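Below is one structure, written out as structure tokens; comments come after it.
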Amino acid sequence: MATSNQAKRDRKKQAKAAAQAEKLQAERRARRRSAMRTGGIGLGVVVIAGLVAGGFYLAGSERREARELLGDRVAVEDSLGRDHVSSTTQDPTPTSGPHNGPAICGVQSVPIPADAQIHALEHGAVAFQYLPDALDGAELAGLHELAERYETDVLVAPNPALDSPVVATAWTRRMALDSADLDLLETFATAFRGKGPENVDCHT
């Protein structure tokens, strides 16, 4: 009888030990799964961060390449400030200065006041203005398509006061062209779009 009782006690101990071992193994598996999930999230964050950084690097490299391609076609001008009072400039295509009123972007069918031009450039837009009789229908359509591609970042408008058929402006930057060279204008947009003192949407 004593031997039988001892065997029962041994079996209970073995069962208890097996249960404890299984519990420990389950806890280890749970910890491993948690570590894998955390590690996976961390790796995902690292990968995403790398992709984002790569995107910023690509954008920066594109800007630098665009500026190099434009070279001395683009005049760099001193900033005349950006106080929010009405402009008194006589420049038909100002690149900075005091201004008041809305920032206007998009394709426009009438000349845009200096205040609205300056405000658009302050918001990081680029402006492409043209002499009304200087472009043929195909050139004008290409200019409009280019503006629509960039949505609120580009202003296109006629300007009868220009000294050149087309003038592209950004904040403290100016490029005069003898025609609507879409490649150069797109390069200008790549180089200077989103580089104003403020970068917010314009009104269209």
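Using our numbering, read the sequence shown as starting at 53 and increasing by one per residue.
Note that CB positions come from ideal geometry on N, CA and C, so glycine has one too.
As the structure is a prediction and not an experimental result, all values here were calculated from the model.
Measuring C-alpha to C-alpha distances from L132 to each of T140, R125 and V126 identifies T140 as the nearest. DSSP, read as helix, strand or coil, puts L173 in helix. In the DSSP assignment, T221 falls within the beta strand (DSSP E) that extends over V218 to A222.
If only complete runs of 3 or more residues are kept, the region 128–211 shows the beta strand (DSSP E) at 178–182 and 206–210, in order along the chain. DSSP places L229 in the strand class (E or B) of the three-state scheme.
Between the alpha carbons of V252 and G176 lies a gap of roughly 7 Å. If you draw a 10 Å sphere on the C-beta of G149, you find 16 or more other C-beta atoms in it, and that means buried.
For R125, the three-state secondary structure derived from DSSP is helix. A distance below 6 Å between beta-carbons, with the five flanking residues on each side excluded, links A232 to the following residues of its chain, in chain order: L187, E191, L195 and V218. Taking L121 as reference, the option from G248, A241, C254 and P249 with the minimal CA-CA separation is A241.
When secondary structure is reduced to three states using DSSP, L234 falls in the helix class. Here the C-alpha atom of Q169 lies approximately 17 Å from the C-alpha atom of S216.
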